[in-house]
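Counting in this note's numbering, the sequence shown runs from 1 upward without gaps. Cβ coordinates follow ideal geometry from the N, Cα and C atoms, glycine included.
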Amino acid sequence: MKKFICCAFSFIFLFPSQNSAQKLDSFNTSKKVLISKKYVYIPAALMLSGSLLNGNDEESFKKEIAEERSEHLGGFGSPIDNYLQFSPIVIAYALDATGVKSATDIKNRTIILLKSEVLMTTVVYSVKRLTRQLRPDNSSYNSFPSGHTAQAFAAATFLSEEYKTTIKWIPFVAYGIASTVGTLRILNNKHYISDVLVGAGIGILSTKFSYYTHRYKIKQVPNISF
Numbered sequence: 001m002k003k004f005i006c007c008a009f010s011f012i013f014l015f016p017s018q019n020s021a022q023k024l025d026s027f028n029t030s031k032k033v034l035i036s037k038k039y040v041y042i043p044a045a046l047m048l049s050g051s052l053l054n055g056n057d058e059e060s061f062k063k064e065i066a067e068e069r070s071e072h073l074g075g076f077g078s079p080i081d082n083y084l085q086f087s088p089i090v091i092a093y094a095l096d097a098t099g100v101k102s103a104t105d106i107k108n109r110t111i112i113l114l115k116s117e118v119l120m121t122t123v124v125y126s127v128k129r130l131t132r133q134l135r136p137d138n139s140s141y142n143s144f145p146s147g148h149t150a151q152a153f154a155a156a157t158f159l160s161e162e163y164k165t166t167i168k169w170i171p172f173v174a175y176g177i178a179s180t181v182g183t184l185r186i187l188n189n190k191h192y193i194s195d196v197l198v199g200a201g202i203g204i205l206s207t208k209f210s211y212y213t214h215r216y217k218i219k220q221v222p223n224i225s226f
């Protein structure tokens, strides 16, 4: 059931994008909007793989990793992921404040960010309530998916979309930060690898979807691609 729910979310994001593109072509043939369907492949693959790895058997892959972590890094703990998850957003607005050219004006950029945050939060907490997976540290039944990781990847996608043209290496920084957050959630024993993979997919799709739907109204919003 949990695997079905997560796979379903990937299709929810995929099909509206295709339908919207068809409607746009019928209303505006003079200025075709360029978008690659590939923008859903990576996050959908993350969500699918995370769902497939979300087994609860004692010998499951996710629990084997948790056991290895407990054996070798049992005393590890760091609160930095609580703050690092938001850092790509801070970087984006800091770059704007210093005059670095972004892809979207500040008003529309902020609207896109808010849409992404609402969508990401709604999906994450809906799945958490539906699945009620126990955390590896046994602290609560809201492990799947990782909200911190979803937030980090949503923010990373936001930073990347705004500055990947101006600063070619910014996507590496953005997704590097997000990956660090996901890794820390596992090292802190708060999440399994399956939680992190699905959270990453949800975060990326939430922001990509927000940009994609917004650009039908605001033509200067950048094309969506990886």
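I believe residue i touches residue j by the beta-carbon criterion, under 8 Å. Please report the beta-carbon distance rounded to the nearest angstrom.
i      : j      : result
Ser206 : Glu162 : With a Cβ gap of about 15 Å, Ser206 and Glu162 do not count as contacting.
Return the first residue and the last residue of the alpha helix (DSSP H) that residue i is part of.
i      : result
Gln151 : 147-163
Ile112 : 106-131
Glu68  : 61-72
Pull up the distance between the alpha-carbon of residue i and that of residue j, whole angstroms please.
i      : j      : result
Thr165 : Gly99  : 15 Å
Tyr141 : Gln151 : 19 Å
Pro171 : Gln133 : 32 Å
Ala174 : Ala156 : 5 Å
Glu117 : Ala154 : 8 Å
Tyr83  : Gly50  : 24 Å
Ala178 : Gln85  : 7 Å
Pro88  : Val127 : 25 Å
Val33  : Tyr39  : Its pLDDT being 40, under 50, Val33 is placed unreliably by the model, and nothing is read from it.
Leu73  : Ile186 : 11 Å
Glu71  : Ile65  : 10 Å
His191 : Lys208 : 24 Å
Met47  : Ala200 : 8 Å
Ile80  : Ile42  : 26 Å
Lys168 : Leu53  : 34 Å
Thr213 : Thr180 : 29 Å
Quick one: what does DSSP say residue i is sitting in, helix, strand or coil?
i      : result
Ala94  : helix
Phe76  : coil
Val196 : helix
Phe27  : Low confidence applies here, because Phe27 scores a pLDDT of 33, under 50, leaving its location unreliable; read the following figure in that light. Phe27: helix per DSSP, three-state reduction.
Would residue i count as contacting chain D if we go by Cβ distances under 8 Å?
i     : result
Tyr83 : Within the model displayed, chain D is absent; a lone protein chain is all it includes.
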